[in-house]
Amino acid sequence: QSALTQPASVSGSPGQSITISCTGTSNDIGRYNFVSWYQQHPGKAPKLMIKDVTNRPSGVSNRFSGSKSGNTASLTISGLQAEDEADYYCNSYTSTFTVVFGGGTKLTVL
Amino acid sequence: QLQLQESGPGLVKPSETLSLTCTVSGGSIRSNYYWGWIRQPPGKGLEYIGSVYYSGSTYYNPSLKRRVTILVDTSKNQFSLRLSSVTAADTAVYYCARLDVDTAMVTSDIWGQGTLVTVSP
Numbered sequence: 014q015s016a017l018t019q020p021a022s023v024s025g026s027p028g029q030s031i032t033i034s035c036t037g038t039s040n041d042i043g044r045y046n047f048v049s050w051y052q053q054h055p056g057k058a059p060k061l062m063i064k065d066v067t068n069r070p071s072g073v074s075n076r077f078s079g080s081k082s083g084n085t086a087s088l089t090i091s092g093l094q095a096e097d098e099a100d101y102y103c104n105s106y107t108s109t110f111t112v113v114f115g116g117g118t119k120l121t122v123l
Numbered sequence: 023q024l025q026l027q028e029s030g031p032g033l034v035k036p037s038e039t040l041s042l043t044c045t046v047s048g049g050s051i052r053s054n055y056y057w058g059w060i061r062q063p064p065g066k067g068l069e070y071i072g073s074v075y076y077s078g079s080t081y082y083n084p085s086l087k088r089r090v091t092i093l094v095d096t097s098k099n100q101f102s103l104r105l106s107s108v109t110a111a112d113t114a115v116y117y118c119a120r121l122d123v124d125t126a127m128v129t130s131d132i133w134g135q136g137t138l139v140t141v142s143p
């Protein structure tokens with residue numbers, strides 16, 4: 014199972030919006046609404062930001078939103094803040110009954 | 023609130039077996055969630071290893087299945103990971119996590135702090 018494709022890096026200025034894409038296939042993202050997004054600060058455990066494509070867990074800022082179109086899922090962060098600088102990972106359930114992760118995207122807040 | 027804590031040796035020799043335990047505190051492991059292991063090699067991305075339900079039902083990453091065993095001990099509120107025949111490629115930070123029951127492997131809402139395991143002679 015190949016990894017999901019994410020851009021290696023994205024950047025934005027405080028207050029701006031950015032979108033991180035996560036591209037899979039018709040056997041994972043395109044087939045299931047089981048896509049999650051995780052935020053990871055250096056040396057820390059990942060934190061769940063989005064589940065089931067669009068759902069934000071309790072306690073996660075509403076500046077974070079998720080969507081999906083075809084085989085690509087996206088994470089949008091609006092009103093960018095310095096604390097959002099981190100690595101972001103997507104994952105998806107697959108048709109072979111396993112899970113595949115993206116390679117991760119480093120977000121830099123300029 | 024619910025917390026997870028990994029424990030085990032930080033150094034394992036090649037060809038030997040890596041063994042880690044995750045202790046669940048602040049709640050019961052006998053709940054409607056899966057309990058799993060995810061690892062991250064230094065400077066790299068995340069990889070699902072496997073997960074277990076309190077009944078003992080398991081899911082494993084097909085690429086690791088031959089070497090992995092995940093067990094649950096409800097009397098101790100713990101679950102464990104055993105990875106046999108380790109090589110340097112198994113050097114990673116190992117996280118334990120709570121996983122949504124819908125797929126048992128996609129949505130991890132609570133994570134341990136992680137423990138670095140190095141495979142070296």
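Chains as they are written, first to last, in the numbering used here: chain A, 14 to 123; chain B, 23 to 143.
Ideal Cβ placement from N, Cα and C applies to all residues, glycine included.
Remember, it's a predicted structure, so these values are computed and weren't measured experimentally.
Residues of chain B with a CB under 7 Å from the CB of A/P70: which are they? D131
Using Cβ-Cβ distances below 9 Å, what residues of the region 95 to 112 of chain A are close to chain B? D100, Y102, N104, S105, Y106, T109, F110, T111 and V112
Please report the distance separating the alpha-carbon of B/P143 from that of B/S41. Straight-line Cα distance between these residues: approximately 17 Å.
For B/R104, does the count of other Cβ atoms within 10 angstroms reach 16, so buried, or fall short, so exposed? Classified as exposed, B/R104 has fewer than 16 neighbouring CB atoms from the shown chains inside 10 Å of its CB.
Does any C-beta atom of chain A lie closer than 7 Å to the C-beta of B/T125? yes
For chain A, find out if any of its Cβ atoms is closer than 7 Å to the Cβ of B/Y116; answer yes or no. Closer than 7 Å: no.
Between which two residues does the beta strand (DSSP E) containing A/N104 stretch? A99 to Y106
B/D124, DSSP secondary structure in three states: coil
Give, in chain order, every residue of the region 58 to 69 of chain A whose Cβ lies closer than 8 Å to some Cβ of chain C. Considering every chain present, this structure includes no chain C. Its protein chains are A and B.
How do the region 74 to 83 of chain A and the region 107 to 122 of chain A stand: do at least 3 beta-carbon pairs fall below 8 Å, yes or no? No, the region 74 to 83 of chain A does not touch the region 107 to 122 of chain A.
Just how far apart, CA to CA, sit A/Y101 and B/G65? Distance between the alpha carbons of A/Y101 and B/G65 is about 13 Å.
Any Cβ of chain A within less than 7 Å of the Cβ of B/V139? no
Once you ignore the five residues that flank B/S102 on each side, which residues in its own chain have a CB closer than 6 Å to its CB? T43 and L93
Three-state secondary structure (DSSP) at B/A110? Reduced to three states, the DSSP call for B/A110 is helix.
C-beta atoms of A/I31 and A/A86 nearer than 7 Å: no
Going along chain A in order, which residues have a C-beta closer than 8 Å to the C-beta of B/G134? A58
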